[in-house]
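J.:
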Amino acid sequence: MAGLALLAALFPLDHLGSYIHWGWVYISDANAIVIALMIIVFVAALLAPFPGRGRRKESR
Amino acid sequence: MSSADIERQWTTRLRHRVTGHLPPEKVLPDTQPAYVASWIYVFGVTTMVALSLVILTGFVLAIRGPQWWHTSNVGHYVNSLHLWSVEVFFFAMVIHLWGKFFMAAWRGRRALTWMTGVVTFLTSIAAAFTGYVSQTNFDSQWISTQAKDGINATGAGSIFNVLNLGQMLMWHIVLLPLVAVILTAVHVVLVRVRGVVPPFDDTPPEKP
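Just so you know, the protein sequences line up as chains G and C, in that order.
Under this note's numbering, the first sequence has 218 at position 5, and the numbering climbs by one with no breaks.
Under this note's numbering, the second sequence has 1555 at position 83, and the numbering climbs by one with no breaks.
(1) Quick one: what's got a C-beta closer than 7 Å to C/Trp1643's C-beta in the same chain, skipping five residues either side?
(2) Between G/Leu259 and chain C, is any beta-carbon pair separated by less than 9 Å?
(3) Quick check: the Cα distance between C/Pro1505 and C/Leu1533, rounded to an integer number of angstroms?
(4) Relative to the alpha-carbon of G/Ala243, which residue among C/Leu1500, C/Glu1559, C/Trp1511 has its alpha-carbon at the smallest distance?
(5) Applying a beta-carbon distance threshold of less than 8 Å, which residues of chain C neighbour G/Phe263?
(6) For chain G, check one thing: does any of its Cβ atoms lie closer than 9 Å to the Cβ of C/Val1566?
(7) On the DSSP letters alone, give me the boundaries of the beta strand (DSSP E) that G/Ser241 sits inside.
(8) For a cutoff of 9 Å on Cβ pairs, would you count G/Val247 as touching chain C?
(9) For C/Trp1578, which three-state DSSP category applies?
(10) Strictly below 8 Å CB to CB, what residues from chain G border C/Phe1563?
(11) Check whether the Cβ of C/Ile1512 sits closer than 8 Å to any heavy atom of the ligand HEM, and report yes or no.
(12) For C/Trp1682, which residues in chain G fall below 7 Å Cβ to Cβ?
(13) Let me make sure I understand the geometry here. Which of C/Val1663, C/Ser1596, C/Ala1625 has the alpha-carbon closest to that of C/Leu1647?
(14) Report the option in C/Phe1563, C/His1548, C/Val1669, C/Glu1497 whose CA atom is closest to the CA atom of C/Leu1523.
(15) Quick one: what's got a C-beta closer than 6 Å to G/Ile233's C-beta in the same chain, skipping five residues either side?
(16) Of the choices C/Asn1636, C/Val1668, C/Trp1482, C/Leu1650, whose alpha-carbon is the least far from that of C/Ser1606?
(17) Would you give the residue range spanned by the beta strand (DSSP E) that G/Tyr232 belongs to?
(18) Of the residues C/Ile1631, C/Phe1672, C/Gly1589, which one's Cα is nearest the Cα of C/Leu1655?
(19) Following the continuous alpha helix (DSSP H) through C/His1488, name the residue where it begins and the one where it ends.
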């Protein structure tokens, strides 16, 4: 229950959502966070070493 | 029946055509090119796994109905699983799309593979939208009343009425999933036929 209370304190869902308003850009914090996470995962997928990649190259 | 007659049969011709384009070793390959050993290539499969979960949880929701998913703990759980599978589905699909866009994955006679992906993406957006307006709660009422003006402005409101719950539910659980699953299957078959697009370095220069 303490975990749930902490979660509720961090992400209050009984308030209006907050928005980023920057010029013509108008986006909710939640959507902005999801897009930022997608960009982070995309870059990580390009840079992170894939398990067994070296071994595959040697076997070819 | 002579062997010439057998060769003329439509079943024989179709079988030759299918196995010619898609021999068993292409349907279920035992190896992949070395360049596929990168995290950027896992997001297509991630999208399909999420789609399977969406369909599976959707079956359970359809069997038990709104009363169950609104009032019982297990119903809430399955409803949430349905929603979060959709979140993972779109998250992975968008990264898959970015990856394929920057690889120019339509190269090497793969335009149809790319286009089936594009149409699947658009179909999925419609499927998600009809899902949001089919929740049968205040959220779905709010979304549908907000969306109706936009849809009506396009002229589609006469045949696609977002305030008609029955119509939206049918689009969500019958028409759009059917199209999305069929297109996904075609997309995967095309990937098997043409293979995974190679990096730019591996592509021989085109003749002028």
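Even for Gly, the Cβ is constructed at its ideal location relative to N, Cα and C.
Note that the structure is predicted; figures quoted are calculated from it, not measured.
T.: In short, the structure shows the following:
(1) In the second sequence, the residue the question calls residue 1643 of chain C occupies position 171. The residues are Thr1602.
(2) The residue given as residue 259 of chain G occupies position 46 in the first sequence. Put simply, the CB of G/Leu259 is near chain C, with a gap under 9 Å to one of its CB atoms.
(3) Position 33 of the second sequence, counted from the first residue, corresponds to residue 1505 of chain C. Position 61 of the second sequence, counted from the first residue, corresponds to residue 1533 of chain C. Note on geometry: alpha-carbon atoms of C/Pro1505 and C/Leu1533 lie some 40 Å from one another.
(4) In the first sequence, counting from the first residue as 1, residue 243 of chain G sits at position 30. Closest by alpha carbon: C/Glu1559.
(5) Along the first sequence, read from residue 1 onward, the residue named residue 263 of chain G stands at position 50. Residues of chain C whose Cβ lies closer than 8 Å to the Cβ of G/Phe263 are, in chain order, Ala1509, Ser1510, Trp1511.
(6) As a working note, residue 1566 of chain C is residue 94 in the second sequence. Chain G, which has a Cβ nearer than 9 Å to the Cβ of C/Val1566, makes this yes.
(7) For the purposes of this step, residue 241 of chain G is taken as residue 28 along the first sequence, with counting starting at 1. Its beta strand (DSSP E) spans residues 238-241.
(8) As a first step, residue 247 of chain G is located in the first sequence; it is residue number 34 there, counting from the start. Among the residues facing chain C, G/Val247 is included, as its CB has a counterpart in that chain under 9 Å away.
(9) As a working mapping, residue 1578 of chain C is identified with position 106 in the second sequence. In the three-state DSSP reduction, C/Trp1578 falls in the coil class, being neither helix nor strand.
(10) Taking the second sequence and counting its residues from 1, one reaches residue 1563 of chain C at position 91. What C/Phe1563 touches in chain G, judged by beta-carbon distance under 8 Å, is Val247, Leu250, Met251, Val254, going in chain order.
(11) With respect to small molecules bound, the structure shown includes none, and the ligand HEM cannot be examined in it.
(12) The structure shown does not extend to residue 1682 of chain C, since chain C spans only 1473 to 1680, so no value can be given for it.
(13) By 1-based counting over the second sequence, the position of residue 1647 of chain C is 175. Checked all of C/Val1663, C/Ser1596, C/Ala1625; the closest Cα to C/Leu1647 is C/Ser1596.
(14) On the second sequence, residue 1523 of chain C is found 51 positions in, with the first residue counted as 1. Residue C/Phe1563 is the option with its Cα nearest to C/Leu1523.
(15) Within the first sequence, the letter at position 20 stands for residue 233 of chain G. Contacts found: Ile240, Ala245.
(16) Within the second sequence, numbered from 1, the residue matching residue 1606 of chain C stands at position 134. Looking from the CA of C/Ser1606, the closest CA among C/Asn1636, C/Val1668, C/Trp1482, C/Leu1650 belongs to C/Asn1636.
(17) Mapped onto the first sequence, residue 232 of chain G falls at position 19. That run of the beta strand (DSSP E) goes 232-235.
(18) Within the second sequence, numbered from 1, the residue matching residue 1655 of chain C stands at position 183. Looking at the Cα atoms, C/Gly1589 is the closest of the given residues.
(19) By one-based count along the second sequence, residue 1488 of chain C stands at place 16. For C/His1488, the enclosing alpha helix (DSSP H) stretches over residues 1482-1493.
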